[in-house]
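Chains A and B, in that order, give the protein sequences. All the letters of the first sequence, read from the start, carry residue numbers 1 to 375 under this note's numbering. All the letters of the second sequence, read from the start, carry residue numbers 1001 to 1375 under this note's numbering.
2 protein chains.
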Amino acid sequence: MARDVHAARVKRACRLMGEQGIDALLLAKPANMFYLTGDGRLCSFVMVSREGEVAMGVPTTDVEDVRRLARFDHIVGFENEIMMIHAISHFFGQFGIKSGRVGLEYTFLTQAMKGMLTHPHAKPEGVAEVDGTRIMSSLRMVKEEGEVARIRASARVAAEGMRAGVAAVRAGATESMVAAEAERAMRRAGAEGFWRSYVSSGPRTNLAHGVATTRRLRRGELVMIDIHPVVDGYSADICRTVCVGPPSDAQRTAHALYLRAQRAAVEKARAGVTMDELEEALQGVIGEGGHADHVFGPPVHGVGIEFEEAPLPSGHAFFHGEEEAPPLAANTVIAVGNCGLYTGPWGVRVEDTVLIGPRGPTVLTRFPRALGPGR
Amino acid sequence: MARDVHAARVKRACRLMGEQGIDALLLAKPANMFYLTGDGRLCSFVMVSREGEVAMGVPTTDVEDVRRLARFDHIVGFENEIMMIHAISHFFGQFGIKSGRVGLEYTFLTQAMKGMLTHPHAKPEGVAEVDGTRIMSSLRMVKEEGEVARIRASARVAAEGMRAGVAAVRAGATESMVAAEAERAMRRAGAEGFWRSYVSSGPRTNLAHGVATTRRLRRGELVMIDIHPVVDGYSADICRTVCVGPPSDAQRTAHALYLRAQRAAVEKARAGVTMDELEEALQGVIGEGGHADHVFGPPVHGVGIEFEEAPLPSGHAFFHGEEEAPPLAANTVIAVGNCGLYTGPWGVRVEDTVLIGPRGPTVLTRFPRALGPGR
Chain A
1 MARDVHAARV KRACRLMGEQ GIDALLLAKP ANMFYLTGDG RLCSFVMVSR EGEVAMGVPT
61 TDVEDVRRLA RFDHIVGFEN EIMMIHAISH FFGQFGIKSG RVGLEYTFLT QAMKGMLTHP
121 HAKPEGVAEV DGTRIMSSLR MVKEEGEVAR IRASARVAAE GMRAGVAAVR AGATESMVAA
181 EAERAMRRAG AEGFWRSYVS SGPRTNLAHG VATTRRLRRG ELVMIDIHPV VDGYSADICR
241 TVCVGPPSDA QRTAHALYLR AQRAAVEKAR AGVTMDELEE ALQGVIGEGG HADHVFGPPV
301 HGVGIEFEEA PLPSGHAFFH GEEEAPPLAA NTVIAVGNCG LYTGPWGVRV EDTVLIGPRG
361 PTVLTRFPRA LGPGR
Chain B
1001 MARDVHAARV KRACRLMGEQ GIDALLLAKP ANMFYLTGDG RLCSFVMVSR EGEVAMGVPT
1061 TDVEDVRRLA RFDHIVGFEN EIMMIHAISH FFGQFGIKSG RVGLEYTFLT QAMKGMLTHP
1121 HAKPEGVAEV DGTRIMSSLR MVKEEGEVAR IRASARVAAE GMRAGVAAVR AGATESMVAA
1181 EAERAMRRAG AEGFWRSYVS SGPRTNLAHG VATTRRLRRG ELVMIDIHPV VDGYSADICR
1241 TVCVGPPSDA QRTAHALYLR AQRAAVEKAR AGVTMDELEE ALQGVIGEGG HADHVFGPPV
1301 HGVGIEFEEA PLPSGHAFFH GEEEAPPLAA NTVIAVGNCG LYTGPWGVRV EDTVLIGPRG
1361 PTVLTRFPRA LGPGR
C-alpha cells in the first residue's frame, strides 16, 4: 500500500489520541504496527506522538528491511533488551514527552513485556500508562478499499485450502494430515502463512477449540476444518463440517439447522446492524431448533489483519479488553459462524468471512457447505 | 503418561509453593496446565492448592474430553466468561483460601486475561497476586525419561520436515512453498502440529525472525529454514541454512565459522555447565572469526513442551520474566544455535536440539549441516 495510506492512518490515530488525552502510543503488537506503518514484527516497537511523528525500534539486523517496508520518521536498531529500553527512552526525549499519558496494548502485552516498555529507564516517571487497545481497534474496524481487496484475496486462498482439506478427508487419515493438505494448499495458492488450523473429528467436533491431533478419522464421523490464511498481511476465516462417508439423519438435521442459523445472521449483515443483533439472529434460529443449550462462544467477530479481531459481541468484548462496537459501518468485515452447535457426542459448525456492504452482505469465502458426499 | 507422573509433578510444585509462600497457583498457559495435569487448552484454567488439590475449569463443551486426558480432583464446565470467573471464585472457596498469595503467569497473561483471573468476583480481596512463572519454569527445566523420549520423537520428525524443506529449495519457489513442504512432512511423519515456521531467503536471511513470505528464491542465495514440530505435546527445534546452487566463498567461510561456533557450544553441553558459558562458547568462536558485531539474540535456550522455554541465558531471562538458571543438570534439553551470524547482505545459522547428558551431549536433531549441493 502507498505510504500516504499509512500517513492517513497515523493522522486518524492522532485525532483519537487527542480526544482521549493520550500523548503517545507505544505499540509492540505486530498487527497494530503493521497497520500504522506497513511493517509489524516481533521484538520491535512503534512510538507515535500526538503530533503524528512515528518512531520505530527494531533489531539492528532488521533495520534495512524495515526501511524498505515501513513508513516512519525515525528508526533505531538495537542489539539487545537493554538497548531497546534505551531506544524507548530516547524517543520519549526526542518527542519532548515528560508527563501525560502513554497508551499501551493491554490486550497484547504480558506482564513481562509491559515491564520492559515501562521500565524506569524507558518511560519517564511522570508519564502515566493507559490502555490504548481501543484506539487501535476502532481505527482498524472499518476497512479501506485496499484492505478489502486483500481480504478478498485471502478468502480465495481460504477456499483453495478448504478444497484440499476436504479432499483429504477419508477413513484412516489423521486430523493432522487433513490440516497438512489444507495448509500446503494455502501456501501454494499465495499465502505467506496462516493462523493455527483447527481440524477435529468424531467426539472432538464437540470441542470449543478443536486443534488438530493425530487421531484417525473413521467412517460415519464428522470432521470440522477451520482455517485462516494470511495473504499480503490480511486474513480470512472459513470453517466447514463434512462427514466421512454418508452422514446420519441426526447429523444432517443438526447441520441443516446450523446452516439456517448462519444464513439468518449473514442476511442481517448490513450497515447499521450491531454485533449483538447478529449474535441473536444466529443463536435464535438454533434455539428455535431445540438446541439453545448447545452453543458456545461468540458466533461473530471481526476479520482483518488478524483472523479474529474487533468488533466482538459486547459480552465477549468486555472480557477481552475491547469495547462494545458501534452499529457496523459499511466495509466492516466479519466472520459469521464462529460458535458451533455442540450436541455432546459431536458438533457442527460452518463459518464464512462476510463483507458488510451499504445495502447487504457479500460472502467472501466461497466454498460449498454440503455435509455429505457429492459435495 | 501415567497419572502418577502428574501427581508427582503437582507434589513438586507444592514444595516450591511452600518455599515461596504461595498458597495457590492459578494457571492459564496451556504448556503449564499440560505439564501438571496432562491437558492444556485455550480458555481454561487450573488451580492448585498448596496441599496439592487440583481444580480445572474448561468450556462445558470440553469437559468429557478433559476427563479422558487430564488428572485432577475437581472440574467445572463454564458457558462464558462470567461463569469462568464464578468458577475461579468457587475453587478459592472450596480450597478455603481467603488470604495469602496466588501465583499467576506473568510471562503469559495479558492485562486483559489477568483482569479476568483476578476479577473482584473471582479472586478474594485478601489474596495478593505474585508471579508464579519461575515455579513452573524450574519444574519443567529438567526432563523426565518419558519427556526425553517424546522430545527424541519430535526431533526425528523435525529431521523429516527439514529433509522435505531442503528438497523444496530451488530457484523460483517461494519461501512459503518451502515452509509448506516442511510442515506437511512433519504432520505426515506424526506431528500433531508445529510452532511458527521461519523460512527466509537472500537478504531476508539477515533478519532476526525470518518469517516466511512469498518472496521467490534466486540462484546463489542462501535460504534459512527453522522449524519446530510438536509430537505428543513435545517440541524440537532445528535450523539449517542452504544455498540455491553453489555458495560463494564468503558464504562458505561464514557458514563454516558458524558450524565451528555451534560445535564448540555443543561440546560444552554437559551437566554442570551454565547457559552463559554456552553463550560465551558460541559467541567466542564467532568473535575470533572476526564477526563479533554480527550476532543477535540468545544463542541457546531450553526446549520441551514449548520450542523455546527456560533455561535462557541470564540477560535474556531477566527481561523475559525468567530467572537465571542454575548450572544445567543432566536431562535438560536445549537448542544450540538460536542466534545467527548476520553479515548485512545475508546471514547463516545452524541450530540443533541437544540433550545434556551426565557425561556429554547428544544431538537429537540429526540432519546434515552442509550448505551446498551434494548435501
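C-beta atoms are modelled at their ideal positions from N, C-alpha and C, and glycine is treated no differently.
{"Check": "Proximal residues, the region 1108 to 1120 of chain B versus chain A, C-beta separation under 8 Å", "Outcome": "PHE1108, LEU1109, THR1110, GLN1111, ALA1112, LYS1114, GLY1115 and MET1116"}
{"Check": "Partners in chain B for THR61/A, counting only beta-carbon separations shorter than 8 Å", "Outcome": "ASN1206, LEU1207, ALA1208, PHE1296, GLY1340, TYR1342 and GLY1347"}
{"Check": "Where VAL336/A falls: helix, strand or coil (DSSP)", "Outcome": "strand"}
{"Check": "Three-state secondary structure (DSSP) of GLY1202/B", "Outcome": "helix"}
{"Check": "Beta-carbon proximity of GLY245/A to ARG150/A, cut-off 8 Å", "Outcome": "no"}
{"Check": "Contact with chain A by TYR1258/B, beta-carbon distance below 8 Å", "Outcome": "no"}
{"Check": "Near the ligand MG: VAL1244/B beta-carbon under 7 Å from a heavy atom", "Outcome": "Absent from the structure shown: the ligand MG. Ligands present: none."}
{"Check": "Burial state of GLU993/B, where buried means 16 or more other Cβ atoms lie within 10 Å", "Outcome": "For residue 993/B there is no data in the structure shown, the boundaries of chain B being 1001 and 1375."}
{"Check": "DSSP-derived helix/strand/coil call for HIS90/A", "Outcome": "helix"}
{"Check": "Exposure of LYS1143/B, with buried meaning 16 or more beta-carbon neighbours within 10 Å", "Outcome": "buried"}
{"Check": "Test: LEU42/A CB closer than 8 Å to a CB of chain B", "Outcome": "yes"}
{"Check": "Per DSSP, cross-strand counterpart(s) of CYS239/A", "Outcome": "ASP226/A and GLU351/A"}
{"Check": "Residue-level contact to chain B via CB, PHE319/A, 8 Å cutoff", "Outcome": "yes"}
{"Check": "Contacting residues, own chain, Cβ-Cβ under 6 Å from THR1213/B (five flanking each side not counted)", "Outcome": "GLU1175"}
{"Check": "Burial state of LEU278/A, where buried means 16 or more other Cβ atoms lie within 10 Å", "Outcome": "buried"}
{"Check": "ALA1155/B versus ARG1204/B: straight-line alpha-carbon distance, rounded", "Outcome": "26 Å"}
{"Check": "Buried versus exposed call for ARG1003/B [16 or more other C-beta atoms within 10 Å across all chains shown]", "Outcome": "exposed"}
{"Check": "The region 96 to 104 of chain A contacting the region 285 to 293 of chain A, beta-carbon criterion three pairs below 8 Å", "Outcome": "no"}
{"Check": "Secondary structure of PRO1030/B, DSSP reduced to three states", "Outcome": "helix"}
{"Check": "Residues, ordered as in the chain, of the region 1209 to 1238 of chain B that lie near chain A by beta-carbon distance below 8 Å", "Outcome": "HIS1209, VAL1211, ALA1212, THR1213 and THR1214"}
{"Check": "6 Å CB neighbourhood of VAL367/A in its chain, flanking five on each side removed", "Outcome": "What sits at residue 367/A in the sequence shown is Phe, not Val. The residues are ALA159 and MET162."}
{"Check": "Outcome for ARG1375/B when other beta-carbon atoms lying within 10 angstroms are tallied against a minimum of 16", "Outcome": "Low local confidence applies: a pLDDT of 47 at ARG1375/B is under 50, so the model's placement there is unreliable, with the coordinate-based value given in what follows. With fewer than 16 other Cβ atoms within 10 Å, it is exposed."}
{"Check": "Nearest-angstrom beta carbon gap, ALA335/A and GLU379/A [assumed within contact, 8 Å]", "Outcome": "The displayed coordinates of chain A run from 1 to 375. Any statement about residue 379/A would go beyond what the structure contains."}
{"Check": "Coil, strand or helix - ARG1071/B by DSSP", "Outcome": "coil"}
{"Check": "Inter-residue Cα distance where the pair is PRO30/A and PHE45/A", "Outcome": "9 Å"}
{"Check": "Residue-chain proximity (ASN1080/B, chain A), Cβ-Cβ < 8 Å", "Outcome": "yes"}
{"Check": "Burial state of GLY1093/B (16 or more Cβ within 10 Å)", "Outcome": "exposed"}
{"Check": "Cβ contact (3+ pairs, closer than 8 Å) linking the region 59 to 67 of chain A and the region 107 to 121 of chain A", "Outcome": "no"}
{"Check": "Cβ separation of THR274/A and PRO327/A, assumed to be a contact under 8 Å, to the nearest whole Å", "Outcome": "5 Å"}
{"Check": "Residues near GLY77/A by beta carbon distance below 7 Å, same chain, minus five either side", "Outcome": "VAL58, PRO59, THR60 and VAL63"}
{"Check": "Cutoff 8 Å: TYR106/A Cβ touching any chain B Cβ", "Outcome": "yes"}
{"Check": "Positions along the region 181 to 198 of chain A whose CB lies within less than 9 Å of some CB in chain B", "Outcome": "GLU181, GLU183, ARG184, ALA185, MET186, ARG187, ARG188, GLY190, ALA191, GLU192, GLY193, ARG196 and SER197"}
{"Check": "Nearest-angstrom Cα separation, counted from ALA1180/B out to ALA1216/B", "Outcome": "According to the sequence shown, residue 1216/B is Arg rather than Ala. Spanning the two alpha carbons is a distance of roughly 14 Å."}
{"Check": "Cutoff 8 Å: MET1177/B Cβ touching any chain A Cβ", "Outcome": "yes"}
{"Check": "Own chain, CB closer than 7 Å to ALA1013/B, minus 5 neighbours either side, in chain order", "Outcome": "LEU1025, LEU1036, VAL1048, ILE1135 and LEU1139"}
{"Check": "Selection from ALA167/A, ASN80/A and LEU16/A that minimises the alpha carbon distance to CYS243/A", "Outcome": "ALA167/A"}
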